[in-house]
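In what follows, a single structure is set out as structure tokens and then discussed.
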Amino acid sequence: MTVPDNRGRGILFGDVCVDLVLSVPEETGKARRQASPEVHGGGTVANTAVALARLGVKTHFVGVVGDDLFGREALEELVAEGIDISCVELSGQRPTMIVIALIDGTGQRTVLGWPRRDQAFAELNERQLDGLELTAHDWLHTSGVCMVQEHGRRATLRALDWARARKVRSSFDLNLRLGLEGDSLPASYVEALWAAIGRADFVLGSADEELFHLIPAEPDLRRATARLAKEGQCVAIMREGPVGAHVSEFGSPAVTIPPFRVPVVDTLGAGDSFDAGFMEAGLSGCSLA
Numbered sequence: 025m026t027v028p029d030n031r032g033r034g035i036l037f038g039d040v041c042v043d044l045v046l047s048v049p050e051e052t053g054k055a056r057r058q059a060s061p062e063v064h065g066g067g068t069v070a071n072t073a074v075a076l077a078r079l080g081v082k083t084h085f086v087g088v089v090g091d092d093l094f095g096r097e098a099l100e101e102l103v104a105e106g107i108d109i110s111c112v113e114l115s116g117q118r119p120t121m122i123v124i125a126l127i128d129g130t131g132q133r134t135v136l137g138w139p140r141r142d143q144a145f146a147e148l149n150e151r152q153l154d155g156l157e158l159t160a161h162d163w164l165h166t167s168g169v170c171m172v173q174e175h176g177r178r179a180t181l182r183a184l185d186w187a188r189a190r191k192v193r194s195s196f197d198l199n200l201r202l203g204l205e206g207d208s209l210p211a212s213y214v215e216a217l218w219a220a221i222g223r224a225d226f227v228l229g230s231a232d233e234e235l236f237h238l239i240p241a242e243p244d245l246r247r248a249t250a251r252l253a254k255e256g257q258c259v260a261i262m263r264e265g266p267v268g269a270h271v272s273e274f275g276s277p278a279v280t281i282p283p284f285r286v287p288v289v290d291t292l293g294a295g296d297s298f299d300a301g302f303m304e305a306g307l308s309g310c311s312l313a
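Residue numbers (the working numbering): 25 to 313.
Structure (structure tokens):
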């Protein structure tokens, strides 16, 4: 595919953390088969930034990390990927988040984050974007992870408003898991999520894990995708693992796009990588059709 000369930049506004990845053997007690732990940079938005940069898109990451060892390590990895971090700020008050990811023998993951609240990225501020001179060719991407706390909600909504005022395309990945309290989401968080959905051009998420929190009365995932797109007046792209992705434009009947068949190594960051591929295609001039 020929990439147009006017392909824009990706502006990734959100969370960055450090992942501690532990591979768990299929049968317990077989320590000799256990892989060594891996430590590397993570975060839903930072993962997308790395994947986007690897696809050849000029990428800016805008976020906040703790002024600590983990924060510095995460930033070093972003720089090594060729990502511009000139708009990143350091927090002396809150730590960089650590995510412990357990990967089982089938590649599926169980994720636990620490701290659950008051992470450095809670200090995100839309004014961090002011140093960027954007064009209509650029693309802003952010995440529901950043909206768990009130300050992050305001910053995320203002960032989406900032993009719309400049006619910059925007996408929002639901990423609800950090906001869960038990098996449900607080009403104030749901309200904030709908505010973000209504501001974004494209809304992405996990169909089978997240849609029922926002469209609880609709068990059919395709119809729920269309409902979300209609109520949010956006293009909704809801992933469903090996089934593919359900897509609805502003409430049109959702269509399901089958995935490419590839070997599954692990699913940590799979949705984040999907987001990067979707952005790269859009920045390169591809349409939904």
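The beta carbon of each residue, even a glycine, is placed where N, CA and C say it ideally should be.
Bear in mind the structure is a predicted one, so any value in this text is a computation, not a measurement.
**Report entry** Which of helix, strand or coil DSSP assigns to valine 40
**Finding:** For this step, residue 40 is matched to residue 16 along the sequence shown. Note: valine 40 maps to coil in three-state DSSP.
Report task. Within its chain, find whatever has a CB closer than 6 Å to the CB of valine 27; leave out the 5 residues flanking it on each side and keep chain order. Result -> Position 3 of the sequence shown, counting from 1, holds the residue named residue 27. Legend: pLDDT at valine 27 = 46, less than 50; position of this residue unreliable, no value from coordinates given.
Query - Element boundaries [alpha helix (DSSP H), containing phenylalanine 284] - result: Counted from its first residue, the sequence shown places residue 284 at position 260. From DSSP, phenylalanine 284 is part of no alpha helix (DSSP H); its letter is neither H nor E.
Query raised in the report: What is the C-beta distance between serine 167 and glycine 38, in whole angstroms, given that I count them as a contact (C-beta under 8 Å)?
Result: As a working mapping, residue 167 is identified with position 143 in the sequence shown. As a working mapping, residue 38 is identified with position 14 in the sequence shown. In this structure, serine 167 and glycine 38 form a Cβ contact; the two beta carbons are roughly 5 Å apart against a cut-off of 8 Å.
Query - Selection from His84, Val86, Gly67 that minimises the alpha carbon distance to phenylalanine 94 - result: The residue you call residue 94 lines up with position 70 of the sequence shown. Selected option, being the one with the closest Cα: Gly67.
Query raised in the report: Which stretch, first to last residue, makes up the beta strand (DSSP E) that contains alanine 374?
Result: The question about residue 374 has no answer, for the chain in this structure spans 25 to 313.
Query raised in the report: Between glycine 34 and histidine 165, which are expected to be in contact by the criterion C-beta below 8 Å, what is the C-beta distance as a whole number of angstroms?
Result: For the purposes of this step, residue 34 is taken as residue 10 along the sequence shown, with counting starting at 1. For the purposes of this step, residue 165 is taken as residue 141 along the sequence shown, with counting starting at 1. Contact between glycine 34 and histidine 165 holds, with the beta-carbon distance rounding to 7 Å and staying under 8 Å.
Query - Minimum C-alpha distance to alanine 98 - residue among Asp43, Gln117, Lys82, Asn149 - result: One-based indexing of the sequence shown puts residue 98 at position 74. Ranking the options by Cα distance to alanine 98, first place goes to Asp43.
Query raised in the report: Can you tell me whether DSSP reads threonine 159 as helix, strand or coil?
Result: As a first step, residue 159 must be located in the sequence shown, where it is residue number 135. Coil.
Query raised in the report: If glycine 176 sits next to alanine 224, beta carbons under 8 Å apart, how far is it from one beta carbon to the other, in whole angstroms?
Result: Against the sequence shown, residue 176 aligns to sequence position 152. Against the sequence shown, residue 224 aligns to sequence position 200. The pair is not a contact, with the Cβ atoms about 16 Å apart (cut-off 8 Å).
Query raised in the report: Tell me which same chain residues have a C-beta within less than 8 Å of the C-beta of methionine 303, skipping the five on either side of it?
Result: Residue numbering aside, residue 303 sits at position 279 when the sequence shown is read from its first letter. Its chain contains Gly34, Thr72, Leu76, Val81, Trp163, His165, Ser195 as the residues whose beta carbon lies nearer than 8 Å to that of methionine 303, once the 5 sequence neighbours on both sides are disregarded; these appear in chain order.
Requested in this report: Within 10 angstroms of the Cβ of histidine 64, are there 16 or more other Cβ atoms? Answer buried if so, exposed if not.
Outcome: Here residue 64 refers to the residue found at position 40 of the sequence shown. By the 10 Å Cβ count, histidine 64 comes out exposed.
Query raised in the report: Which of the three DSSP states, helix, strand or coil, is assigned to valine 172?
Result: Taking the first residue of the sequence shown as 1, we reach residue 172 at position 148. Of the three classes helix, strand and coil, the one that applies to valine 172 here is coil, per DSSP.
Requested in this report: Look at the alpha carbon of valine 86 and the alpha carbon of glycine 222, and state the distance between them as a whole number of angstroms.
Outcome: If you number the sequence shown from 1, residue 86 lands on position 62. If you number the sequence shown from 1, residue 222 lands on position 198. Their Cα atoms are separated by approximately 22 Å.
Query raised in the report: Per DSSP, which one or two residues make a beta bridge with threonine 291?
Result: Reading the sequence shown from its first residue, position 267 is the one you call residue 291. In the DSSP assignment, no residue is bridged to threonine 291.
Requested in this report: With a floor of 3 residues, list each beta strand (DSSP E) that falls wholly inside the region 173 to 202, ordered by position along the chain.
Outcome: Every unbroken stretch of the beta strand (DSSP E) spanning 3 or more residues and falling wholly within the region 173 to 202 is given here in chain order: 193 to 197.
Requested in this report: Report yes if the CB atom of serine 230 is closer than 9 Å to the CB atom of alanine 253, and no otherwise.
Outcome: Here the question's residue 230 lines up with position 206 in the sequence shown. Here the question's residue 253 lines up with position 229 in the sequence shown. Taking 9 Å as the cut-off, the Cβ atoms of serine 230 and alanine 253 do not count as close.
Report task. Would you mind giving the Cβ-Cβ distance between leucine 158 and valine 192, rounded to the nearest angstrom? I have them listed as a contact below 8 Å. Result -> Position 134 of the sequence shown, counted from the start, is the residue given in the question as residue 158. Position 168 of the sequence shown, counted from the start, is the residue given in the question as residue 192. About 5 Å separates the two Cβ atoms, so the contact holds.
Query raised in the report: Per DSSP, which one or two residues make a beta bridge with histidine 165?
Result: To locate residue 165, count along the sequence shown from 1; it is residue 141. For histidine 165, which the question treats as bridged, DSSP gives the partners Leu36, Ser195.
**Report entry** Reduced DSSP category for aspartate 142 - H, G, I as helix; E, B as strand; rest coil
**Finding:** Looking up residue 142 in the sequence shown gives position 118. The three-state reading of DSSP puts aspartate 142 in coil, since its state is none of H, G, I, E or B.
Requested in this report: Please state whether DSSP places arginine 151 in a helix, a strand or coil.
Outcome: One-based indexing of the sequence shown puts residue 151 at position 127. Correct three-state label for arginine 151: helix.
Query raised in the report: Any heavy atom of the ligand ADP within a distance shorter than 8 Å of the CB on isoleucine 261?
Result: Inclusion of the ligand ADP in the displayed structure is not the case, the ligand content being empty and no account of it being possible.
Query - Beta-carbon spacing of threonine 291, arginine 246 below 9 Å - result: Within the sequence shown, residue 291 is the residue found at index 267, counting from 1. Within the sequence shown, residue 246 is the residue found at index 222, counting from 1. For threonine 291 and arginine 246, no; Cβs fall outside 9 Å.
Query - Residue range of the beta strand (DSSP E) that includes valine 86 - result: On the sequence shown, residue 86 is found 62 positions in, with the first residue counted as 1. For valine 86, the enclosing beta strand (DSSP E) starts and ends at 83 to 86.
Query raised in the report: Should leucine 184 be labelled buried (16 or more other beta-carbon atoms within 10 Å of its own) or exposed?
Result: Taking the sequence shown and counting its residues from 1, the one referred to as residue 184 is at position 160. Classification of leucine 184: buried, given that the 10 Å Cβ count is 16 or more.
Query raised in the report: Any idea if leucine 228 is buried or exposed, counting beta-carbon neighbours within 10 angstroms, 16 or more meaning buried?
Result: As a working mapping, residue 228 is identified with position 204 in the sequence shown. With 16 or more other Cβ atoms inside 10 Å of its own Cβ, leucine 228 counts as buried.
Report task. Kindly say whether glutamate 233, judged by its beta-carbon, lies nearer than 9 Å to any beta-carbon of chain B. Result -> Protein chain content of the structure displayed is limited to a single chain, and chain B is not contained in it.
Query - Secondary structure of glycine 106, DSSP reduced to three states - result: Against the sequence shown, residue 106 aligns to sequence position 82. Glycine 106: coil per DSSP, three-state reduction.
Query raised in the report: Rounded to the nearest angstrom, how far is the Cβ of proline 266 from that of proline 283, given a contact under 8 Å?
Result: Numbered from its first residue, the sequence shown carries residue 266 at position 242. Numbered from its first residue, the sequence shown carries residue 283 at position 259. Correct: roughly 7 Å between the Cβ atoms.
Requested in this report: Can you give me the start and stop residues for the alpha helix (DSSP H) that arginine 78 sits inside?
Outcome: As a working note, residue 78 is residue 54 in the sequence shown. First-last of the alpha helix (DSSP H) with arginine 78: 68 to 78.
Query raised in the report: Grouping DSSP H, G and I as helix and E and B as strand, with all else coil, what is serine 276?
Result: For the purposes of this step, residue 276 is identified with residue 252 of the sequence shown, where counting begins at 1. Here DSSP, grouped into helix, strand and coil, assigns serine 276 to coil.
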